[in-house]
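The structure under discussion appears below in the form of structure tokens.
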Amino acid sequence: MSNHHGPTHGSDETLNSLSSPEPDDALEAVAATDITTDETTDDTAEQAAEPAVVHTFRDLGVMPGICDALDRKGITHPFPIQEMTLSVALGGADLIGQARTGTGKTLAFGIPLLQRSTAVDAPGYGDLPQGKPQALVVAPTRELALQVSRDLHLASEDIGLRVLTVYGGVGYESQLDALTAGVEVVVGTPGRLLDLADRRALDLSHVHALVLDEADEMLDLGFLPDVERLIAKTPEKRQTMLFSATMPSAIVALARRHMRHPMNIRAESSSDTQTVPATAQYIYQAHDLDKPEIIARVLQADDCEKTIVFTRTKRQAQRIADDLAERGFSAAPLHGDLQQAAREKAMARFREDKVRVLVATDVAARGIDVRGVSHVINYTCPEDEKTYLHRIGRTGRAGASGVAITFVDWSDLHRWTMINNALDLPFPSPPETYSTSPLIYTDLGIPEGTTGRIVPPAPQAPRERSGGRDGGRDGGRDGGRDGGRSRRREGDRPARDRNRTRTRAGEDDAAAVTAVTGGDAPAAADAGAEGGAPRSRNRRRRRRSSATGEQAPASE
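As structure tokens, then:
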């Protein structure tokens, strides 16, 4: 039986409700205006026959320079969150946007932010502080900051706005030089933004638009105090746009403190599922040692293109990437132990189809928009439902279809039960699955006879034998070349003198020797002294005959 999940669409789409009752009550005190869509309902069946009006960005009042840049990339029609946001944000009003991951939130705030900024060669730029940032976007991770900056660069190609990305892990010099030369839009992570602001290199006193992207993730990562400090450095009269997949109470409190009568925009109703409908979900109970073999077979499925494998730890990500590479797949790791340059290189190669499999920790689970990701594999069960949603949201983006596969260990069954219940998924008991189970072949379209390798295993180097027949230490049967050298080296070494002498206060203990030798030692010592021979230091013991009990001589 397939574990495919195809959630039904809600018939009523409203924007004045959030997923949990507590944030709804709190937002009533924050939002002065709510937006509701005019989608068809059961009571208005007559409108269902009327064709829906398809708008373009030009119809929504977006300036021609931005529309031309988007047209060249094939982006002409806005997604629902973009269409509903642009009508509000282009007028300069504060707003709270809540939508599922992968629904196009970046352009929803990026287009108003760019359109309301003034380029260097635009009329009226001379009346503004020269080179000072006019807009600020705060993102929780470096990868998300780079993604947002890339989209803003794309949309502003024809209007001449300068967009700068600032984040940690790299040197300050290039960022300081760009700020000195002047920029209009700054996108960055909270830590580096604060560092530059404290150095007085980043002046936020002239920012007219502030965007907090993935605010709930910034809360989870502990960045909220830094965000508060950044907001305090901006003018009071500004446009603030907050985007978040979920609305915890701390985010609601942040909105209440720093936003002025925001409009609450939600791109789906509370009856809709939180997962993207175009994503097929498969849940399997698998053994940890068999997971790499299953993944290798999934990568050979008929419809498998780019794939992201999510792991719980950095060491696990590195190990799986190395294992897949050894099996013949082009795989690259992405985790926090890598240098920033290596992380950027891995993402660039993944975007350019030079790497087919990206094995990543949750550093890549937020906001990373890579076209052509057909499969997402959770190597281990996610920590909670939010992590699950953001992980599988890397596929099925922007209306495309995708496949999400989750492996659940026996010890994580209780965790998966909580996720399943929280998201109302139909997988309470994942089937026990192995790499040879027919279930994965039928579910995922894996051809029969597929193995876990596309290249034969590398030949192993012959192990050196520890010893030969003739006692060679490092050689082969006859001791080998190394064994012969070892013996020659040992033969050239002078013999060690292992004779020991008991002394007391630095002088021979004659009494002790006498006690051992039974009185013959002094005579032997005198004889040695008279003959001029060196005194033997060997300890001599008298032997007793086992049969007669007579004492043997000390030496022959």
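Residue numbers (the numbering used here): 2 to 557.
Glycine included, each C-beta is placed from N, C-alpha and C at the ideal position.
The structure displayed is predicted, hence computed values, not measured ones.
Out of Ala279, Leu390 and Val212, state which residue places its alpha-carbon closest to the alpha-carbon of Ala423.
It is Leu390 whose Cα lies nearest to the Cα of Ala423.
Can you look up Met85 in the DSSP assignment and give me helix, strand or coil?
Looking at Met85 - three-state DSSP - the assignment turns out to be helix.
With a threshold of 16 other CB atoms inside 10 Å of the CB of Thr434, please say whether the residue is buried or exposed.
By the neighbour-count rule (16 or more Cβ atoms within 10 Å), Thr434 is buried.
Buried or exposed: where does Lys238 fall if 16 or more other Cβ atoms within 10 Å of its Cβ makes it buried?
The residue is exposed, with fewer than 16 neighbouring Cβ atoms inside 10 Å.
Have a look at Ala179, Val186 and Arg151 and flag the residue whose alpha-carbon is nearest the alpha-carbon of Leu162.
The shortest C-alpha separation from Leu162 is found at Val186.
How about Ala302 and Thr104: are their beta carbons less than 8 Å apart?
Not a contact, by the Cβ cut-off of 8 Å.
Would you say Leu325 touches the ligand SAM, meaning its beta carbon is less than 7 Å from a heavy atom?
The model on display carries no ligand, and the ligand SAM is accordingly not part of it.
With a threshold of 8 Å on Cβ separation, who are the neighbours of Met64 within its own chain once the five nearest residues in sequence on each side are excluded?
If we look at Met64 and ignore the five residues flanking it on each side, its Cβ neighbours are Gln116 and Ile160.
Give every residue of the same chain whose Cβ lies closer than 6 Å to the Cβ of Pro293, excluding the five residues on either side of it in the sequence, and list them in chain order.
Cβ neighbours of Pro293 beyond the five flanking positions: Asp324.
Can you have a look at Ala30 and say buried or exposed, based on whether 16 or more other CB atoms are within 10 angstroms of its CB?
Because Ala30 sits at a pLDDT of 42, beneath the cut-off of 50, its placement in the model cannot be relied upon, and the point is left open.
Can the beta-carbon of Ile420 be found less than 8 Å from the beta-carbon of Ile378?
It is not a contact, given that the beta carbons lie outside the stated cut-off.
Measuring straight from C-alpha to C-alpha, what distance separates Thr142 and Phe311?
Spanning the two alpha carbons is a distance of roughly 16 Å.
With respect to the beta strand (DSSP E) encompassing Gly373, which residues constitute its N-terminal and C-terminal limits?
First-last for Gly373: undefined, no H or E at that position.
Mind checking who Asn422 pairs with in its DSSP beta bridge?
Looking at the DSSP assignment, Asn422 forms no beta bridge with any residue, so it has no partner.
Take Thr451 and list the residues in its own chain whose beta-carbon comes closer than 7 Å to its own, dropping the five residues that flank it on each side.
Counting only Cβ-Cβ distances below 7 Å, and skipping sequence neighbours, we find Arg298 and Gln301.
How is Arg267 classed by DSSP in three states: helix, strand or coil?
If DSSP states are grouped into helix, strand and coil, Arg267 belongs with the strands.
Would you call the CB atoms of Gly329 and Val456 closer than 8 Å?
In this structure, Val456 lies closer than 8 Å to Gly329 by Cβ.
Give the straight-line distance between the Cα atoms of Ala287 and Lys346, rounded to the nearest whole angstrom.
Going from the Cα of Ala287 to the Cα of Lys346 covers about 32 Å.
Is the CB-CB distance between Leu165 and Leu180 below 8 Å?
Yes, they are a contact pair.
Find out if the Cβ-Cβ distance for the pair Phe351, Ala333 is shorter than 8 Å.
For Phe351 and Ala333, yes; Cβs fall inside 8 Å.
Cα separation between Leu426 and Ala254?
The alpha-carbon atoms of Leu426 and Ala254 are separated by roughly 31 Å.
Evaluate contact between the segment 197 to 217 and the segment 72 to 82, counting only Cβ atoms and requiring at least three cross-stretch pairs below 8 Å.
With a cut-off of 8 Å, the segment 72 to 82 and the segment 197 to 217 do not count as touching, because too few Cβ pairs lie within range.
Using the C-alpha atoms, what's the distance from Gly62 back to Val89?
Using only the alpha carbons, I get a separation of about 11 Å.
Who are the near neighbours of Gly446 in its chain, counting only those whose CB is closer than 7 Å to its CB and skipping five residues on each side?
These residues qualify, in order along the chain: Ala302, Asp303 and Asp304.
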